[in-house]
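Trainee: Take this structure first; my questions come after.
There are 2 protein chains.
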Amino acid sequence: MAHRAEGRRMSDVTLKDVAVRAGVHVATASRALDPQRRHLVNSETRQRVETAAGELGYRINVLARSLRKGSTGMIGAVVADLGNPFLPPMLRGLEEVLGPRGYMTAVSETHEDPETFRRVCEQLIARRVDGIVVSAAHVGDSDFISTLEKSLPVVLAVRRVSGGGHHTVTHDDVLGARLVTEYLAGLGHRRLAQLRGPEDVSSFAGRARGFQEVVAEHDCTEIVAHDRAGAPTTDEGKRLAAALLTADVGRPTAIFAHNDLMAIGALEALGEAGLRCPEDVSIVGYNDAPLTAHVTPPLTTVRLPSNALGRRVAAMMLGQLDQHKEPPTTVALEPELVIRASAAAPARDRAAG
Amino acid sequence: MAHRAEGRRMSDVTLKDVAVRAGVHVATASRALDPQRRHLVNSETRQRVETAAGELGYRINVLARSLRKGSTGMIGAVVADLGNPFLPPMLRGLEEVLGPRGYMTAVSETHEDPETFRRVCEQLIARRVDGIVVSAAHVGDSDFISTLEKSLPVVLAVRRVSGGGHHTVTHDDVLGARLVTEYLAGLGHRRLAQLRGPEDVSSFAGRARGFQEVVAEHDCTEIVAHDRAGAPTTDEGKRLAAALLTADVGRPTAIFAHNDLMAIGALEALGEAGLRCPEDVSIVGYNDAPLTAHVTPPLTTVRLPSNALGRRVAAMMLGQLDQHKEPPTTVALEPELVIRASAAAPARDRAAG
DNA sequence: ATGAAAGCGCTAACAT
DNA sequence: ATGTTAGCGCTTTCAT
Chain A
1 MAHRAEGRRM SDVTLKDVAV RAGVHVATAS RALDPQRRHL VNSETRQRVE TAAGELGYRI
61 NVLARSLRKG STGMIGAVVA DLGNPFLPPM LRGLEEVLGP RGYMTAVSET HEDPETFRRV
121 CEQLIARRVD GIVVSAAHVG DSDFISTLEK SLPVVLAVRR VSGGGHHTVT HDDVLGARLV
181 TEYLAGLGHR RLAQLRGPED VSSFAGRARG FQEVVAEHDC TEIVAHDRAG APTTDEGKRL
241 AAALLTADVG RPTAIFAHND LMAIGALEAL GEAGLRCPED VSIVGYNDAP LTAHVTPPLT
301 TVRLPSNALG RRVAAMMLGQ LDQHKEPPTT VALEPELVIR ASAAAPARDR AAG
Chain B
1 MAHRAEGRRM SDVTLKDVAV RAGVHVATAS RALDPQRRHL VNSETRQRVE TAAGELGYRI
61 NVLARSLRKG STGMIGAVVA DLGNPFLPPM LRGLEEVLGP RGYMTAVSET HEDPETFRRV
121 CEQLIARRVD GIVVSAAHVG DSDFISTLEK SLPVVLAVRR VSGGGHHTVT HDDVLGARLV
181 TEYLAGLGHR RLAQLRGPED VSSFAGRARG FQEVVAEHDC TEIVAHDRAG APTTDEGKRL
241 AAALLTADVG RPTAIFAHND LMAIGALEAL GEAGLRCPED VSIVGYNDAP LTAHVTPPLT
301 TVRLPSNALG RRVAAMMLGQ LDQHKEPPTT VALEPELVIR ASAAAPARDR AAG
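Protein chains in written order, with my numbering: chain A, 1 to 353; chain B, 1 to 353.
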């Protein structure tokens with residue numbers, strides 16, 4: 001822009017310049033260049049304007065347009081951590097449906113920090129995005145989300161907040177955990193444990209609940225870890241699993257890790273304890289992250305329909321953008337158990353014990 | 001915004017509203033709310049303005065501000081695929097240095113599609129971002145990048161383009177490949193092969209070159225795959241490796257895969273051919289992606305200083321933003337060989353062959 | 001079919 | 001220390 005360059009830069013070419021060169025009024029130039037209104041202008045004039053624009057290297061100033069029109073055509077996507085394997089497919093799903101409708105998606109990270117989360121959201125509102133997709137919420141963020149909703153359309157993706165009342169699309173984490181736990185119980189396991197992720201994230205809370213429901217229904221025993229993961233990482237998984245393996249109430253025959261990283265950590269802990277998977281202890285993960293099929297043993301885990309989730313989120317956003325005043329609903333998409341080799345029937349002697 | 005809501009929304013509160021409520025002129029309100037100019041206003045008046053702003057839930061309209069000031073405080077980051085493991089740390093590096101300087105980073109994906117690439121860049125320029133970080137370039141994009149540079153500061157990250165002449169920060173891929181290949185040669189391997197990624201991406205081109213340099217220097221033989229990967233995926237790696245293992249010129253004793261996914265694919269191909277790694281064939285990957293330490297055997301690979309790269313990129317961007325007219329330079333950051341278990345000395349009989 | 005004029009919300013130069 | 005005025009680049013009535 002002018003303030004920074006000595007000479008005029010291409011982006012400094014303005015609609016007025018184009019109009020002058022084409023010998024028309026800016027209003028006409030504006031019409032000629034807008035797909036929506038080009039039919040209002042003589043096709044010959046339009047030609048002239050288009051040529052002029054091309055020759056000058058004109059690029060519309062979306063800032064000015066947005067200011068005038070009151071909308072930016074931007075959707076902000078706020079995610080906790082781009083390292084999460086389900087995010088790329090989800091973001092792609094968003095683009096796939098928002099893009100053709102003329103919206104551009106901009107992704108920002110919070111790194112799971114509440115303050116950054118708020119700052120990023122405020123920032124996006126200040127920039128007048130037309131809507132925000134929040135995939136970084138913690139369960140206690142309900143009031144804050146309500147605040148945001150006073151300013152613009154919001155859709156919660158992946159993570160819900162307590163209380164409901166917001167437009168949200170999540171994975172069905174309770175179901176996912178039930179799938180895992182029922183599979184384990186069906187295999188004959190009775191002494192089960194879970195490696196829990198941070199409970200202020202609805203995904204982990206849901207998995208914990210699904211697990212416990214099934215444990216209760218099948219009269220299994222939950223071997224409880226005294227601790228829970230600070231962050232759901234490989235190291236934390238290893239630490240928690242190690243504690244579990246030496247529990248004074250006896251060790252579990254199967255472990256449900258709330259995500260694949262912790263499952264891999266548990267695998268490591270097993271190895272260091274001289275135990276084998278799945279012969280001595282079965283392990284199941286969650287997310288079906290890349291490469292989980294290639295660890296040893298290949299990890300049984302849960303696959304999430306993340307691309308579909310992104311598309312649903314986008315559809316819900318469009319609903320709000322288009323003024324369909326649908327009441328807030330939360331839809332939960334069904335995950336799928338991927339059976340590989342890290343879980344098997346418990347050894348005879350242990351099952352009997 | 002007004003056009004979409006029936007009632008007035010919080011974001012529709014304007015500076016004028018604040019000024020009226022505080023009983024001052026908008027200009028005064030503007031000053032009072034700007035950290036840079038608050039000292040120009042009586043502290044008592046400032047109080048009144050701040051209170052009024054707080055009560056009304058005023059949020060500055062960055063669109064209007066940017067239009068007036070001629071800069072947006074936004075930096076666009078254009079990446080090929082968020083699934084790439086080196087991107088999150090790099091993006092974080094960007095934020096870490098750009099954030100404190102008042103810039104916000106917005107990430108967009110191209111999915112490796114040239115048309116999307118151009119569209120996204122144009123879009124960002126239309127939105128008047130202050131600069132673009134391009135991490136999705138193909139080697140032939142030099143002219144296009146030059147075009148962009150006419151409009152705004154550009155820094156190339158990770159991938160360079162042919163011809164040079166742009167501000168760029170990359171990983172030293174030639175060095176990385178040399179590290180791998182020298183390690184392999186040092187182990188005693190003489191019959192080497194590489195699994196090449198798409199050659200229109202500088203990273204892969206560099207790795208191919210480093211590999212071939214060392215092969216020539218150590219009088220090794222490159223067993224050439226007739227094919228190359230369309231996309232550097234596990235499946236492609238498996239396909240290429242399978243072909244290599246049945247090559248009529250005899251199979252290699254070591255394979256350098258241009259990334260970890262292809263290396264894992266090669267591991268699979270080995271397994272299906274009844275061969276063991278590293279006893280029969282050594283395999284080395286690239287990127288040190290998550291979980292590569294946990295596959296069997298743990299993958300020897302190359303670790304990239306991606307966070308540092310992001311920070312350097314940001315610094316280079318700030319240099320341009322701050323008008324230091326440094327000439328375009330390209331800096332290449334050194335990667336590091338991570339020795340695990342997928343590469344070992346070749347078996348005696350094969351080494352002799 | 002085109003032009004004139006107003007204004008989106010803000011900041012900067014210039015008064016006072 | 002505060003108010004006045006102009007204008008960033010565009011779109012949108014309203015005239016013609």
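Just so it is clear, CB atoms sit at the ideal spot from N, CA and C, and this is done for glycine as well.
(1) Taking the C-alpha atoms as reference points, what is the distance between A332 of chain B and D81 of chain B?
(2) Anyone know if the C-beta pair for A27 of chain B and A53 of chain B falls short of 9 Å?
(3) How would you list, in chain order, the residues of chain B whose beta-carbon sits under 7 Å from the beta-carbon of M104 of chain A?
(4) Are any of the Cβ atoms in chain B nearer than 9 Å to that of T28 of chain A?
(5) Of the choices A:N84, A:K238, A:L192, whose alpha-carbon is the least far from that of A216 of chain A?
(6) By the three-class DSSP mapping on this structure, what secondary structure does H294 of chain B have?
(7) Can we say the stretch 319-338 of chain A touches the stretch 160-170 of chain A, given the rule of at least three CB pairs closer than 8 Å?
(8) CA-CA distance, G206 of chain A and E213 of chain A?
(9) Please list, in chain order, the residues of the stretch 304-318 of chain B that have any C-beta partner in chain A closer than 7 Å.
(10) In the DSSP assignment, what residue or residues form a beta bridge with T300 of chain A?
(11) From R252 of chain B to T221 of chain A, what does the alpha carbon distance come to, in whole angstroms?
(12) Who are the neighbours of G285 of chain A on chain B, taking C-beta pairs under 9 Å?
(13) Is the Cβ of H138 of chain A closer than 9 Å to any Cβ of chain B?
(14) Could you please tell me which residues of the stretch 286-299 of chain A, in chain order, have their CB closer than 8 Å to any CB of chain B?
(15) Taking the C-alpha atoms as reference points, what is the distance between V295 of chain B and H294 of chain A?
(16) Identify the contact partners of N61 of chain B in chain A, using a Cβ-Cβ distance below 8 Å as the criterion.
(17) Can you round the beta-carbon distance between T45 of chain B and A32 of chain B to whole angstroms, since I take them to be within the 8 Å contact cut?
(18) Check whether chain B comes within 9 Å of I75 of chain A, counting only Cβ atoms and requiring the distance to be less than that.
(19) Are the beta-carbon atoms belonging to V281 of chain B and L337 of chain B less than 9 Å from one another?
(20) Mind checking whether D235 of chain B and S203 of chain B have CB atoms under 9 Å apart?
(21) So what's Q194 of chain A in DSSP terms, helix, strand or just coil?
(22) Does any CB atom of chain B fall closer than 9 Å to the CB of D81 of chain A?
(23) Just how far apart, CA to CA, sit C121 of chain A and I283 of chain B?
(24) Mind reading off the beta-carbon distance from L56 of chain B to V18 of chain B? Whole number of angstroms is fine, and I expect it under 8 Å.
(25) Hey, is G57 of chain A's beta-carbon within less than 9 Å of any beta-carbon in chain B?
(26) Please classify S342 of chain B: does DSSP put it in a helix, a strand, or coil?
(27) Assign F117 of chain A to one of three DSSP states: helix, strand, or coil.
(28) Use the C-beta contact count for A257 of chain A: other C-beta atoms within 10 angstroms, 16 or more gives buried, fewer gives exposed.
(29) Just checking, does the stretch 90-103 of chain B make contact with the stretch 305-313 of chain B on the three C-beta pairs under 8 Å criterion?
(30) Indicate whether L124 of chain B and A137 of chain B have their beta-carbon atoms separated by less than 9 Å.
(31) Residues of chain A with CB under 8 Å from V154 of chain B, in chain order?
(32) Kindly list, in the order they appear in chain A, the residues whose Cβ is closer than 8 Å to that of S108 of chain B.
(33) To be precise: take each residue of the stretch 195-227 of chain B, compare its Cβ to all Cβ atoms of chain A, and keep it if any distance is under 8 Å. Which residues remain?
(34) Got a sec, what are the start and stop residues for the alpha helix (DSSP H) A19 of chain B sits in?
(35) Please list, in chain order, the residues of the stretch 247-259 of chain B that have any C-beta partner in chain A closer than 9 Å.
(36) For L244 of chain B, which residues in chain A fall below 8 Å Cβ to Cβ?
Mentor: Put simply:
(1) 21 Å
(2) no
(3) Q123
(4) no
(5) A:L192
(6) helix
(7) yes
(8) 11 Å
(9) none
(10) A:V284
(11) Checking the sequence shown, residue 252 of chain B turns out to be Pro, not Arg. Near 52 Å, if we compare the C-alpha coordinates of T221 of chain A and P252 of chain B.
(12) Per Cβ cutoff of 9 Å: no residues; G285 of chain A is ~11 Å from chain B at best.
(13) no
(14) A289, P290, L291, T292, H294, V295, T296
(15) 6 Å
(16) L67, A126, R128
(17) 7 Å
(18) no
(19) no
(20) no
(21) strand
(22) yes
(23) 45 Å
(24) 6 Å
(25) yes
(26) coil
(27) helix
(28) buried
(29) yes
(30) no
(31) Those do not exist, as V154 of chain B stays about 12 Å from chain A at its closest Cβ, beyond 8 Å.
(32) M104, T105, A106, V107
(33) none
(34) 15-22
(35) none
(36) Here the premise fails: no neighbours, minimum Cβ distance about 19 Å.
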